[in-house]
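A quick write-up on the structure given underneath.
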């Protein structure tokens, strides 16, 4: 049995001392991220997080494992999603977990020394294994949460970049421009379709110039999606004019059997804008 109320109380009484000792010994020059901050608010928060971890960890000697890890979940998720920790290299965070493990092993030795002769080596060894096993599971769990949240943040940032990479620019009250630059993959094309429809509807656009002069090449799937965009725009009353269509892209469209019959095409954007002014006049 690894549980022992006296050991739990001993660890619990040392929680703040452990935090102060830990922060004092952090290598603030090499650790990076949250550990090198000189902001008093950040320092206070990281100390509080460390202190809360010690309080939670102490209970490994007072609760069954299932209850212990269930109660620890809140701390793991909160810290793994903390902005300051997300800006800290993961290997630095894990190193601090293992530094904390050494603190616990040293603290256990103190407890055994104070209570000399009361516990056999088998019991002491069980507690040591419990400390290292629990820290190992915490490290694995924290790493998974950290990586999952980092990936979600990265995906959200990429989605925002993609959305901003297809801006609908108002030229007049009902005429707008969508200039496309760079490579267009299926993900960007999908977001562009959704974003363009929403912006044209919001701006009250009736004519959209779709300029492709900055696009060198598109694959067959993207070509299909571009024409789906044009068709979807027509359904909401937006007439599309394509400009800057490169020969390679035109060839891809023809090979796919995509029809240009209902699409205005001009060689350059300036020609398209001049034509719109003539029509408006």
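In this note's numbering, the protein residues as written are 1 to 281. From the three backbone atoms N, C-alpha and C, an ideal C-beta is built for every residue, glycine too.
Taking all protein chains shown into account, residue 244 has 16 or more neighbouring C-beta atoms within 10 Å of its C-beta and is therefore buried. Of the residues assessed, residue 58 falls on the buried side of the cut-off, its CB having 16 or more other CB atoms within 10 angstroms. Taking each of 252, 262, 213 and 3 in turn and checking the Cα distance to residue 234, the smallest one comes out for 262. Of the other Cβ atoms in all chains shown, fewer than 16 fall within 10 Å of the Cβ of residue 221; this residue is therefore exposed. Between residue 205 and residue 250, the gap from beta carbon to beta carbon reaches 8 Å or more.
The beta carbons of residue 208 and residue 238 sit closer together than 8 Å. Within the same chain, Cβ atoms closer than 6 Å to the Cβ of residue 87 are found at 33, the five residues on either side in sequence being excluded. Closest option to residue 16, judged by alpha-carbon separation, among 56, 264, 29 and 185: 56.
Taking the Cα positions, residue 38 is about 37 Å away from residue 63. Put simply, the backbone Cα of residue 226 is about 49 Å away from that of residue 36. Taking a contact to require three or more Cβ pairs closer than 8 Å, the region 142-157 and the region 68-82 qualify as touching. Contact check for residue 85 and residue 93: beta-carbon distance about 6 Å, within the 8 Å limit, so the pair qualifies.
In the DSSP assignment, residue 211 falls within the unbroken beta strand (DSSP E) covering 207-214. Residue 176 is bridged by DSSP to 170 and 208. Rounded to whole angstroms, the gap between the alpha carbons of residue 133 and residue 65 is 11 Å. For residue 240, there is no enclosing alpha helix (DSSP H); the residue is part of the beta strand (DSSP E) that begins and ends at 239-243. Assignment of residue 88 by DSSP, reduced to helix, strand and coil, places it in the coil class.
By the neighbour-count criterion, in which a residue is buried when 16 or more other Cβ atoms sit within 10 angstroms of its Cβ, residue 256 is exposed.
Nearest neighbour of residue 3 by Cα position, chosen from 95, 131, 179 and 90, turns out to be 131.
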